Structures are given as C-alpha cells and as structure tokens.
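In the working numbering, the protein residues as written are 8 to 322. No residue lacks a Cβ here, since even glycine has one placed at the ideal position from N, Cα and C. For clarity, every value in this text was computed on a predicted model and none was experimentally measured.
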Amino acid sequence: MSKPEVSIVIPLYNEEAVFAELIKRLNNLIDSFHKKIEVILVDDGSSDSTPQLMRELALKNERFQSVILSRNFGHQIALSAGLKQTNATEAVFIIDADLQDPPEMLEQFYQLYEEGYDVVYAIRKNRKEGFFKKLAYATFYRIMVKISYVQIPLDTGDFSLISARMAKLLNEMPEESRYLRGMRSWLGFRQIGVEYDREERKSGESKYSLKKLFQLAFNGIFNFSEFPIKLITNLGLLTILSSIGYLIYVIAKKLIYGNVPEGFTGLLFVLVLFGGIQMLSLGLIGEYVLRIFFQVKQRPLFVIKEKIKNKEIED
Ligand code: UDP
Ligand code: MG
C-alpha cells in the first residue's frame with residue numbers, strides 16, 4: 008500500500024459531541040483534496056464514547072487510524088503521540104477536534120508548503136471566546152515574546168501544517184515537558200503565518216481546564232526562557248545595591264545630625280519583603296529543578312493502549 012502524502016493529526020479528549028461533524032468535514036475535505044491523506048485520531052484518555060467511536064470508524068475505514076492512550080496525558084503529549092504515528096511523505100496537518108480550526112484551510116497551507124515553507128502556522132485574528140480568557144491569552148503571548156529566547160510568533164497555537172522532515176525532527180526531540188509551538192520555532196527553517204478567524208467550539212465544553220492552561224503557560228515560560236532565573240539574580244543585585252545606598256545614607260545622617268532614633272516599622276517591612284522575595288526565588292528555582300527531575304527519569308512520553316491501522320488492530 009502506498010504511503011500517504013499528508014497526515015492529519017487530531018487529539019481528542021471527551022469529544023463525542025463533535026465527533027460526527029468532525030468526521031463529516033474531514034471526509035469532505037479528503038474527497039476534494041488532490042493528495043493521499045491519512046487521519047490519525049489520538050484519544051487522550053476520554054471517559055465518554057470517543058474511543059468507541061474512533062474504533063468503529065478505524066475498523067471500517069482505512070483513511071482513519073485510531074490511537075488510544077492508556078490515560079489522559081494532556082493535549083501536547085497526545086499531539087506528540089499522534090506525530091510519532093505519521094507516515095506522511097510530505098506534510099503533517101495538526102488541528103483540534105472541536106472544529107475551532109477549520110480543516111478546509113489545508114488547501115491554503117499546502118500551497119505555502121509547496122512554495123517551500125517547512126511550517127505554515129495559523130495566526131488568530133479574532134477569538135470568539137470570553138473577555139477574560141482573551142485578555143489572559145493576549146497578555147501571556149506578549150510576555151512570552153519579550154522573554155523567550157526563541158522567536159515564538161504572537162497569537163499562534165498548534166494549528167499548523169509542518170513538513171515531514173519537521174515532524175521527524177520534533178519526534179526526535181526527547182524533551183519531557185512539551186511546548187510544541189516553542190519547539191517548532193526553535194527548529195527554524197522557513198516558517199510563515201496565515202491569519203484566520205478562530206471559530207467557536209462546535210459542540211461541548213473546552214477541555215482545557217484552568218490548571219491545564221497554566222501548565223501549558225508555565226512550560227512555555229520555563230522551557231523557552233531564562234528570564235525567571237535571571238530575575239532572581241537581578242533582584243539580588245538590586246537588593247545589595249539599595250542596602251549599600253541605605254547604609255551610606257544612615258551614616259551620613261548620623262555624622263550630620265548626631266544620634267537620630269530610627270523606627271522599626273521600616274525594619275519590619277524590609278524583613279517581610281525579603282522573606283517573600285526569598286520564597287519566590289526558591290519557588291522559581293524549584294520549577295527548573297522539577298523539570299530536570301522529570302527529564303532525567305527518561306520515562307516514555309505516553310503509553311498506547313490500542314492502535315488500529317489499515318482496519319486492523321495492532322499490538
Ligand atoms: N485535548 C486533549 N487532551 C486534554 C485536553 C484537550 O487531547 O487533556 C484536546 C481536545 O479534545 C481538543 C484540543 O485538545 O481537540 C484542544 O482542546 P480545547 O478545544 O478544549 O481547548 P481550547 O480550544 O478551549 O483552548
Ligand atoms: Mg478548542
């Protein structure tokens with residue numbers, strides 16, 4: 008059987024509500040597209056009927072591969088698991104299951120790929136999401152651009168088309184806490200952004216809890232920036248400098264005015280302030296230690312429970 012030219016990788020976590028519409032849209036797209044396409048559906052430990060729906064589909068239609076993980080590993084790991092399964096000779100298209108990213112953009116992305124780009128990523132012009140979520144995203148991405156040591160483009164997510172060689176390189180990167188959009192930027196080559204309006208989720212609720220969003224943001228910051236650790240050093244330097252300044256001031260005051268009684272409100276304030284700064288600093292260092300700790304364990308990124316490919320159950 009000939010290898011597919013394009014793979015579509017989709018992570019799913021409790022997506023039974025959109026499943027039928029997702030598959031319909033994909034089938035329409037694949038029917039009209041001039042390349043051989045395989046779809047790799049990755050179930051990220053859903054507790055609804057998503058894995059059953061995937062199984063049924065993959066057993067009767069060889070277009071679809073079903074990869075079921077042993078538990079919920081999180082979006083970035085589910086995507087990594089999907090990327091590992093790709094056999095595409097040309098490019099890999101990464102989209103969410105909830106149809107916020109229109110699959111039909113593959114046409115446009117593929118054209119740019121043919122022009123020689125290794126990464127075609129989508130830039131969100133508009134988000135149809137709540138005010139606070141939008142504000143939080145906008146702030147985070149802008150901070151990230153300022154502090155990160157690779158240029159991660161503004162307002163982009165994982166929605167992208169990457170070349171097969173890019174996918175291979177991503178698969179070879181062993182890092183445990185994965186922030187794929189950062190890793191993608193780090194790899195370099197020719198990358199280009201395409202603007203789009205991000206749709207509303209077609210059905211169901213967001214599967215990204217606040218906790219998961221913060222984890223993602225932390226992975227972005229601690230894996231692609233030295234800013235937090237540099238901040239501690241700078242804060243320490245600043246503290247030493249200001250205490251020397253204060254010492255000089257006190258001595259001068261004493262020499263000019265003689266003995267002036269000093270209140271201890273100031274003292275107490277300084278004590279509490281630096282207690283806080285020290286604890287924060289330890290916490291920041293802890294974040295790096297934690298990442299080293301998890302990385303040195305060398306655990307596999309994910310565990311696959313069942314795989315269906317070409318209508319057959321593997322493993
Ligand atoms: N997802 C996943 N594992 C998770 C959370 C989410 O595989 O632990 C999938 C989800 O099914 C969807 C994609 O990741 O296909 C993006 O999630 P969602 O749309 O809920 O995030 P949002 O768009 O609200 O940021
Ligand atoms: Mg979504």
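Residue i lies in the beta strand (DSSP E); which residues open and close that run?
i	result
glutamate 45	44 to 50
leucine 33	Where leucine 33 is concerned, there is no enclosing beta strand (DSSP E), although the alpha helix (DSSP H) it sits in stretches over 23 to 39.
valine 327	The requested residue 327 does not occur in the structure, where the chain is confined to residues 8 to 322.
asparagine 133	126 to 134
lysine 10	Counting along the chain, lysine 10 falls outside any beta strand (DSSP E), and DSSP gives it neither H nor E.
lysine 314	311 to 316
Could you check if residue i belongs to the surroundings of ligand 2, using beta carbon to heavy atom distance under 7 Å?
i	result
aspartate 165	no
aspartate 204	no
serine 213	yes
arginine 208	yes
glutamine 107	yes
What first and last residue would you give for the alpha helix (DSSP H) that runs through residue i?
i	result
tyrosine 264	234 to 264
valine 303	272 to 303
glutamate 121	113 to 121
isoleucine 228	217 to 231
For residue i, verify whether its CB is less than 7 Å away from any heavy atom of ligand 1.
i	result
histidine 82	yes
glutamate 23	no
lysine 219	yes
alanine 104	yes
asparagine 79	yes
proline 18	yes
alanine 85	yes
aspartate 55	no
aspartate 162	no
aspartate 38	no
aspartate 125	no
Buried or exposed: residue i, going by 16 or more other Cβ atoms within 10 Å of its Cβ?
i	result
isoleucine 117	A small correction: the amino acid at residue 117 is tyrosine; isoleucine does not occupy that position in the sequence shown. Under this definition tyrosine 117 is a buried residue.
methionine 151	buried
methionine 173	buried
lysine 261	exposed
isoleucine 101	buried
leucine 29	buried
threonine 146	exposed
alanine 259	exposed
lysine 394	Any property of residue 394 remains undetermined from this structure, which presents the chain solely from 8 to 322.
serine 77	exposed
phenylalanine 309	buried
For residue i, verify whether its CB is less than 7 Å away from any heavy atom of ligand 3.
i	result
lysine 132	Absence of ligand 3 from the depicted structure is noted, with ligand 1 and ligand 2 being the only ligands included.
### Task
Check whether the region 64 to 77 touches the region 312 to 319, taking contact to mean three or more Cβ pairs, one atom from each stretch, closer than 8 Å.
Taking a cut-off of 8 Å for Cβ pairs, the region 64 to 77 and the region 312 to 319 touch, as three or more such pairs fall below it.
### Task
Counting only runs of 4+ residues fully inside the region 58 to 94, write out the alpha helix (DSSP H) ranges in chain order.
Counting only runs of 4 or more residues that sit fully inside the region 58 to 94, the alpha helix (DSSP H) segments are 82 to 91, in chain order.
### Message
Tell me whether the region 22 to 39 and the region 49 to 61 touch, counting them as touching only if at least three CB pairs, one residue from each stretch, are closer than 8 Å.
### Response
Yes, they touch.
### Query
Is it a yes or a no for the region 104 to 112 touching the region 74 to 85, going by three-plus beta-carbon pairs under 8 Å?
No, because fewer than three Cβ pairs between the region 104 to 112 and the region 74 to 85 fall closer than 8 Å, the two stretches do not touch.
### Query
So, do the region 36 to 50 and the region 280 to 299 have three or more beta carbon pairs nearer to each other than 8 Å?
Too few Cβ pairs lie closer than 8 Å, so no.
### Contiguous alpha helix (DSSP H) assignments of at least 4 residues, all confined to the region 162 to 212
Contiguous alpha helix (DSSP H) elements confined to the region 162 to 212 occur at 171 to 179, 187 to 194, taking only those with 4 or more residues.
### Message
Check whether the region 171 to 185 and the region 301 to 313 are in contact - that is, three or more C-beta pairs closer than 8 Å.
### Response
Flag = yes, the region 171 to 185 and the region 301 to 313 touch.
### Message
For the pair the region 194 to 211 and the region 109 to 126, tell me if three or more CB-CB distances fall below 8 Å.
### Response
Counting Cβ pairs under 8 Å, three or more are found: they touch.
#### Entry: Contact the region 239 to 253 vs the region 159 to 173: 3+ CB pairs below 8 Å
For the pair of segments examined, the region 239 to 253 was found not to touch the region 159 to 173: the number of CB pairs separated by less than 8 Å stays below three.
### Query
Looking at C-beta atoms only, is the number of pairs between the region 216 to 231 and the region 139 to 159 that lie closer than 8 Å three or more?
These segments touch.
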